[in-house]
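Data block below; observations after.
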Amino acid sequence: MSLNEVGSMIAMQGFSGLSLFTVLLLMALGLAIIFGQMGVINMAHGEFMAIGAYVVYLFSQLTQNYAPGLREVYFVPAVVAAFFVAGAVGYVVEMLLIRRLYKRPLDTLLATWGLSLAMQQFFRSFINPKEVSAELPEWLLGAFNPTPSIQVPRNGIFVMGLTILVSAGVYLLMLKSRWGIRIRATTQNRVMSSAVGINTDRVDRFTFALGCGIAGLAGAAFTTIGSTGPTSGSLYIVDTFLVVVFGGAANLIGTIASAFSIAQAQSLLEFFLTSAMAKVLTLMTIIVILMIRPQGLFTNKLRT
Amino acid sequence: MIEVNDLHVSYGQSEVIHGVNLEAKEGQIVAIMGRNGMGKTTLFKSLMGVIRSTSGSIKVGGVDVTKMPSYKRVKQGIAYVPQGRMIFPSLTVWENLLTGLEGSRTGKFPTDIFTLFPVLAEMKTRRGGNLSGGQQQQLAIARALAAEPKVLLLDEPTEGIQPSVIKDIAQVLLKVRDSRRITIIVSEQVLSFTMEILDRLLVIEGGRFTADEPRDKVDVGEVRRLLAV
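Structure follows, in structure tokens:
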């Protein structure tokens, strides 16, 4: 093996690690808001990702059947629609269900688990019981070759770009905007927030909807990587919670650091071991670290 | 500015406030004194809408706010500094002050806040939770003033605060009363602090006002006897 080939392999391996990192981060961002900020254990979070994926699938079906000429461009509006559809469903769910359970976190867990089962059955009965995949535009297929021996998959680059965009957006919203202040104030002290003039019911509803919308975006992005089935969401949920809990629940930087370290450990170990062993080792390491630091990697140190 | 008529408040079956009447004019500091458990905090919470009153009415600037949730009362001009300060610990000092603007009718940050509380200007980027108790109390008052209220409610502002800061707070309250002509209602157990600022004294006992005296009629010895446990 020439030096050039080794270099190419390292570059591609490095990219696959980064790619997994962005996938994990994208999944975790929505939950970092809902679980990390609001403290709601949303077991149906994976199903909101599935909603996003199905929206892209439906857009793809519609374009194929009614406007085949738009195949190259439908994807971007589909991703935007995925955000709004998942967000709108989240808005309604908050209004009908979550709102009544803020004081009962364990009941929320059960209720949202039930919701996730109901949503899965809805996908099965009304969309398709089998796995479906969207017809992707040309520009998302194949690979990009910076040199003849390096191949970087285009869908990976797309997911990466989207993740950077969404992370930056969430960061600015949570830490630099008035909405972010309202959200953080409400989650810290609901009664006092109302007493300084914040309409906390509205803040809760929009925050939950935003988290669900971001889950929808993640789901839409994953249609470029794999197919979508009624239970796809439940495959994501464990990793998603893992990233958020490991990072330290109320901390965005923690979420990013945690997604990065889990993804890098995972892809590095996969290179040397089987993927099942890699998963076992990563999980065990995380369990040990969480036993020593139950609050996660990053926390806000404060007097109370 | 604020007008309370026959206010009753209960927790479940047990009534805590038994028909309170109160009228306070602008530019007046009204002190409410009473021992623990006499209903001071309950009264304040019900004025702010944190707990619902069972009957009676509360008007601010002529507007009936009795049925309004807290955040709408703030828009009508009541601001609240609760017992135990309740600043937002993980928000910075500046962000804490911005939350005060949520209830403001102008939406503009009053420029004199940092003149009244120079210590907050120095600590602008620090997290609220990392401030000392006295600084947190000043932050809580500044946050309430940021909304430019007509009526300011302060529930035991000197509790657990070092004496030098208590003096500062008294000065600030007097300044604010004179410069903004707002009504300040303050509940207290510390007599010296109260005597320094009050225009009028109300004594609360068992959920009822038992005395109502203007400043020059207050008999310090009598009040001290009432406060003794």
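Quick note, the sequences are listed as chains S and C, same order. Just so we're aligned: the first sequence equals residues 1 to 304 in the working numbering. Just so we're aligned: the second sequence equals residues 1 to 229 in the working numbering. Note that beta-carbon positions come from the ideal geometry of N, C-alpha and C, so glycine has one too.
One Cα belongs to I34(S), the other to V119(C), and the distance between them is close to 35 Å.
In this model, L141(S) and E72(S) are separated by some 11 Å (Cα to Cα). E122(C) counts as exposed, since fewer than 16 other C-beta atoms from the protein chains shown sit within 10 angstroms of its C-beta.
Against chain C, the CB of Q188(S) has a partner CB under 8 Å away; the residue lies at that interface. Minimum Cα-Cα distance from V4(C) among the listed residues G61(C), N36(C), G34(C) corresponds to G61(C). The contact set of I253(S) on chain C, defined by CB atoms closer than 9 Å, is empty, because the minimum CB distance reaches about 13 Å. V166(S) is positioned such that its CB atom lies closer than 8 Å to that of I214(S). When C-alpha distances from T186(S) are compared across G100(C), F109(C), S55(C), E188(C), the shortest belongs to G100(C). When beta bridges are read from the DSSP output, S167(S) appears opposite no residue.
One finds S194, A195 in chain S with Cβ atoms closer than 7 Å to the Cβ of S70(C), taken in chain order.
For P82(C), the closest Cβ of chain S is nearer than 8 Å. The alpha-carbon of A32(S) is positioned some 12 Å away from that of I237(S). When Cβ-Cβ separations below 8 Å define contact, V244(S) makes no contact with chain C. Residue pairing from DSSP places D64(C) in a beta bridge opposite K59(C).
Proximity of chain C to V191(S) at the Cβ level (cut-off 7 Å) is accounted for by V50, in chain order.
Residues of chain S whose Cβ lies closer than 9 Å to the Cβ of M86(C) are, in chain order, N189, V191, M192, A195. About 15 Å separates the CB atoms of L153(C) and M33(C); that is not less than 8 Å, and the two are not in contact. Within the region 203-217 of chain C, no residue has a Cβ lying closer than 8 Å to any Cβ of chain S.
Taking the Cβ atoms as the reference, R215(C) lies roughly 10 Å from Q28(C), outside the contact range of under 8 Å. In this structure, DSSP gives A211(C) an extended state, which the three-state scheme calls strand. Chain order gives the chain C residues near A185(S) as F88, L91, T99, where near means a beta carbon separation below 7 Å. Each residue's CA atom was taken as its position, placing I181(S) and N4(S) some 51 Å apart. When DSSP states are grouped into helix, strand and coil, M43(S) belongs to the coil group.
G27(C) carries a coil assignment under DSSP once its states are collapsed to helix, strand and coil. Within 7 Å of the CB of R143(C), the CB atoms of chain S belong to V196, in sequence order along the chain. Listed along chain S are G197, each with a C-beta nearer than 7 Å to that of K75(C). In terms of Cβ geometry, T147(S) and Q37(S) do not form a close pair [threshold 8 Å]. Per DSSP, V191(S) is one residue of the alpha helix (DSSP H) stretching across 190-195. Taking C-beta atoms as the reference points, M38(C) and R73(C) fail to come closer than 8 Å. Among the residues of the region 101-113 of chain C, those with a Cβ less than 9 Å away from any Cβ of chain S are L101, E102, G103, S104, in the order of the chain. By a beta-carbon distance limit of 8 Å, I141(C) contacts I169(C). Their separation comes to about 7 Å. Partner residues in a beta bridge of E138(S), as assigned by DSSP, do not exist.
If you check the CB distance, A278(S) and L24(S) do not come in under 8 Å.
With fewer than 16 other CB atoms across the displayed protein chains lying within 10 angstroms of its CB, K108(C) is exposed.
Neighbours of E95(C) across chain S, judged by C-beta separation under 7 Å: I181.
L117(S) and Q151(S) have their C-alpha atoms spaced approximately 40 Å apart.
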